Structures are given as C-alpha cells and as structure tokens.
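Following: one structure in structure tokens, then a few remarks.
Number of protein chains: 2
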Amino acid sequence: MKSLVSRCPIEEVMQVLSGRWPTLLIYYLKDGTKRFSDLRRDNPTVSHRILTHELRKLEKAGIVQRTVFDGYPLRVEYDLTAAGTALVPLIDAIAGWWDAHDAARDPAAEPSAAERAAAVP
Amino acid sequence: MKSLVSRCPIEEVMQVLSGRWPTLLIYYLKDGTKRFSDLRRDNPTVSHRILTHELRKLEKAGIVQRTVFDGYPLRVEYDLTAAGTALVPLIDAIAGWWDAHDAARDPAAEPSAAERAAAVP
DNA sequence: CAGGATCCTATCGGATACTG
DNA sequence: CAGTATCCGATAGGATCCTG
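Just so you know, the protein sequences line up as chains A and B, in that order.
Numbering of the first sequence is given in the UniProt record's numbering, commencing with residue 1 and proceeding in unit increments.
Numbering of the second sequence is given in the UniProt record's numbering, commencing with residue 1 and proceeding in unit increments.
In structure tokens:
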C-alpha cells in the first residue's frame, strides 16, 4: 500500500472498506474460519463472482487470510488476520453508533427535508 | 431510514459512509462550521456536483446540518450534528487502525506493488 | 456563491456458463 | 467446490455550462 499519492489514512482505508460487502464479510469472519460456501450461505445475496473478488481485495489488504486445500472437491478457507481481528470491534462501534443514532431520530417530529433557511445574521 | 429490507446496522451505515468522500467530509467538518467553498478548498479534487450530492446525503442521514443564509452572494454553512460529532472518533479509530496495520507490514519483505498473483497470466 | 442540469466515463455488482 | 470468463445494468464520480 503506502500509495504515495493519497497518504491520507482515511482515504486509503476507505478504498478497502467501501462498498456493500467488505465490512459484512469481515463481520461474518469474526467467528472463525469459513469456507467460500459458508460465506455464500451467510449472505445469500452476494454473487459468486463478487464474493471471490471482494475476498481477494481483503486478502491483498492484509485483512483476511486465504488457505487452499488441494483435493477434490476443492476446499478454500478464509480467516481474519490479526489485523482483521483488530478491525472487528471498530466496525462494531460504527454499527453501534448507527443504531443509537437511528434510534434517536424522531420520525414524527423532524420532517428532515425542511430547510432552516434564511437565518440571516 | 429504518429500511425494512436490510435492518443490518453494518449494511445501513455503509450505505451512507461508503465511497470516496463521506468520511473525508465528516473529517474536514470536525473543526467546526465550513462553507461550501471551504470544503472545496479542503479537498480540491472533489467535483462541484459531487460535493453537493454527498453533503445532501450526509444531511439526510442526520450527520451534517446545512444552513442557508439568503443574500447575495449566497452563503451556505455546514456543521456536524451531535451524531456526526460522535462519529468522528470512530472514524479516527479506523484510520488509526489502518496506520498501525500499514506500519506493521514489512515493506522490505513485501515488494508491495508486485502482486503475488502476477506471476504469469 | 452555491447548486441545478446535462452528458460522459469508470467502477460496482449481478447473471450465467464453463473449468480444475 | 471454488474460481474464471463474459456480458450486462446500476451507480459513483467527473466536466461543463447555466442560474438565483
């Protein structure tokens, strides 16, 4: 990594975690080793192709470890690396924040679209 | 929000924070009120259109507050809401994790650009 | 100044079929 | 079983011009 152009940790990390699947996959892997097919079952709506692609991305980022067991049928296992494991509680914190934030919203009281327009000091 | 289809906090929050700009904008707003043009200066590479779009998305998510001051020239100010402010340290934690993770990689052992996969197409 | 409208490209994500 | 290859639609993001 160490992309000499951005060198902003937020930009860099979001390049890895952005999108629909990365954080979810990390979350599903927190319980321990999972096979490719396990992850498909965990999230039935991810396509075969995308699951492969996202797992590879996480592998390159050093977040998941991929282990191939030759044989037939083929078996491939995925685990979080130490870094990946360290990331889980941070993602949890964000999810928890969202829940608290979401619960705090009063859907009745705040039309939300209404501008507080024209304050004019 | 409260999308009745997903109802997974990780999925929901990532719909808001995913992408190149949301986390960066939140970060730039942590110091206090910023005008539209301030945010453009903070990040010169974001396009006019996208900056508008992302700020609106964050506003709808309850993370930023948008205030319009009528007059000419027009002035629009952006602030983090309480929820947005609460999110900042969580994003910081992720960025910090990335830095630590990145520093832990052995740059000598890993050519970094050279894919281990790139050996013969 | 802030932002809408339009047009365009690149990337994300999915469906399906094929292979070791 | 896990993965690749193709093809495709949807969305993210950008360039440019116009307006209150």
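Cβ coordinates follow ideal geometry from the N, Cα and C atoms, glycine included.
This one's a predicted model, so the numbers in the text were calculated from it and none came from an experiment.
What would DSSP say about residue i, mapped onto helix, strand or coil?
i: P121/A; result: In this prediction, P121/A has a pLDDT of 37, which is less than 50 and means its spatial position is unreliable; what the coordinates show is noted afterwards. Coil at P121/A, not helix or strand.
i: Y72/A; result: coil
i: D79/A; result: strand
i: T45/B; result: coil
i: R66/B; result: strand
i: K34/B; result: strand
i: A100/B; result: helix
i: L7/B; result: The question names Leu, but residue 7/B in the sequence shown is Arg. Correct three-state label for R7/B: coil.
i: A61/A; result: coil
i: R20/B; result: coil
i: R40/A; result: helix
i: A114/B; result: Model confidence at A114/B stands at a pLDDT of 35, short of 50, so the residue's coordinates are unreliable and nothing is read from them.
i: R105/B; result: coil
i: M1/A; result: In this predicted model, M1/A has a pLDDT of only 43, less than 50, meaning its place in the structure is not dependable; the value taken from the coordinates is given anyway. If DSSP states are grouped into helix, strand and coil, M1/A belongs with coil.
Would you check if the distance between the CB atom of residue i and the CB atom of residue j is smaller than 8 Å?
i: V13/B; j: I26/A; result: no
i: Y78/A; j: L55/A; result: yes
i: W97/B; j: A82/A; result: no
i: L39/A; j: L80/A; result: no
i: D99/B; j: P9/A; result: yes
i: I63/B; j: G84/B; result: yes
i: R75/A; j: R35/A; result: yes
i: E59/A; j: R66/A; result: yes
Please list the partners that residue i has in chain B, where partner means a Cβ-to-Cβ separation under 7 Å.
i: H101/A; result: G62, A83
For residue i, which residues in chain A fall below 7 Å Cβ to Cβ?
i: L24/B; result: I10, E11
i: Y27/B; result: I10
i: S18/B; result: S18, G19
i: D87/B; result: For the sequence presented, residue 87/B should be read as Leu rather than Asp. Within 7 Å Cβ-Cβ: W97.
Measuring alpha carbon to alpha carbon, tell me which of the options ends up nearest residue i.
i: A61/A; options: T23/A, A104/A, A103/A, R105/A; result: T23/A
i: K57/B; options: R75/B, V16/B, D92/B; result: V16/B
i: V18/A; options: A103/A, I91/A, A104/A; result: In the sequence under discussion, the amino acid at residue 18/A is Ser, which differs from the Val named in the question. Nearest C-alpha to S18/A: I91/A.
i: S37/B; options: P73/B, E59/B, A103/B, R105/B; result: P73/B
i: W21/B; options: R41/B, V46/B, G71/B; result: V46/B
Here's the rule: buried if 16 or more other CB atoms are within 10 angstroms of the residue's CB, otherwise exposed. What is residue i?
i: residue 134/A; result: What the structure shows of chain A is the stretch from 1 to 121, and residue 134/A is not part of that stretch, so it cannot be assessed.
i: A109/A; result: With a pLDDT of 40 at A109/A, under the threshold of 50, the modelled position of that residue is not reliable, and no figure is offered here.
i: H101/B; result: buried
Find the residues of chain A that neighbour residue i, judging by a C-beta separation of less than 9 Å, and give them in chain order.
i: I50/B; result: Those do not exist, as I50/B stays about 14 Å from chain A at its closest Cβ, beyond 9 Å.
Given that residue i touches chain B, what residues does it touch there, using C-beta distances under 8 Å?
i: R66/A; result: Correct list: empty, because the minimum Cβ distance to chain B is about 11 Å.
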